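For reference, the structure is listed below as structure tokens.
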Amino acid sequence: MFIILLIQLIKFVSTVDYDDNGYLVYCPCMGAPASFPVQKENLFLQKYLKWSEDIANRSKQFIKRNMSGGGFLGIHLRNGQDWVKACQHVKDSPTLFAAPQCVGYRNERGPLTESMCLPQKTEIIKQVKRVLKKLNGTKYVFVASDSNHMIDDLNSAVQRLEITAIRLQPANPHLDLAILAQANYFIGNCVSSYTAFVKRERDVKGLPSEFWSYPQRKKQKHEEL
């Protein structure tokens, strides 16, 4: 038995590599390395994950080149057609996908709602305005999305505040992740595992984040910035 384990260990070691900074690089890429969504006891592992030097440098260069002279709000909009269909199952799946990151693994922090999974355009704009109202020195809104970035809608909504909404072109989901992790503030989708990755990295760094339509707010007659 010992010999078998030793052989397996040798095979494993032969598949790993280290980058120039001494971080372990291992990616068999044959499937998820653990159960989905990330379990509470595994959240601490995020602090050991580091971006490649290429992605780290490109994200910093993008921020310096396109969002210099002020802070930025990062937002993730998950709104592709596949997601629209997935959100129809919210009522039957109270902890759908990565929802435990906000409602808890047993919904101990409240129920999952459809607006948390797929917020409407008006809800998104209102929440962005609320966040911008409490942030000082913010000049940009960086948008990452799998479909509709809402750039025109957002720019129209925050135009008089002299804030500009921008996106990454051409699309690069990994670079989007790295940029969102560096935002002064982040709004993401409670149900999305993409948002979850950003949220975990920001938690490690001690940076503030929140989710669309969570927690639920009491309706107000007037809500203007």
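Numbered according to mature numbering (1 follows the signal peptide of the UniProt record, and there is no 0), the sequence shown spans residues -15 to -1, 1 to 210. A virtual CB, placed ideally from N, CA and C, is assigned to each residue, including glycine. Predicted model only: the values in this text are computed from it and were never measured.
- Taking C-alpha positions only, K45 is separated from R145 by approximately 28 Å.
- Bounds of any beta strand (DSSP E) do not take in I148, whose DSSP letter is neither H nor E.
- Secondary structure note for Y179: its alpha helix (DSSP H) is the uninterrupted segment 178 to 190.
- Beta-bridge partners of F171 (DSSP): G59, S194.
- By the CB criterion at 7 Å, N140 and N64 fall outside the cutoff.
- By DSSP's assignment, T123 forms a beta bridge with G56.
- Below 8 Å, enough C-beta pairs join the stretch 83 to 99 and the stretch 190 to 201 to call them touching: three or more.
- By the CB criterion at 7 Å, V116 and Y170 fall inside the cutoff.
- The three-state secondary structure of V88, taken from DSSP, is helix.
- Counting only the Cα atoms, L153 lies some 9 Å from F47.
- Non-local beta-carbon contacts of Q31 in its own chain, meaning distances under 7 Å to residues more than five positions away in sequence, involve R185, E186, V189 in chain order.
- Separation of I136 and L28 (C-alpha to C-alpha, rounded to the nearest whole angstrom) is 33 Å.
- Listed in chain order, the non-local C-beta contacts of A142 below 8 Å within the same chain comprise I110, V113, K114, local neighbours out to five positions each way being set aside.
- Within its own chain, the residues whose Cβ lies closer than 8 Å to the Cβ of I148, once the five positions on either side in sequence are excluded, are L117, T123, K124, Y125, V126, listed in chain order.
- DSSP links A142 through a beta bridge to no other residue.
- Between V69 and C102, the gap from beta carbon to beta carbon reaches 7 Å or more.
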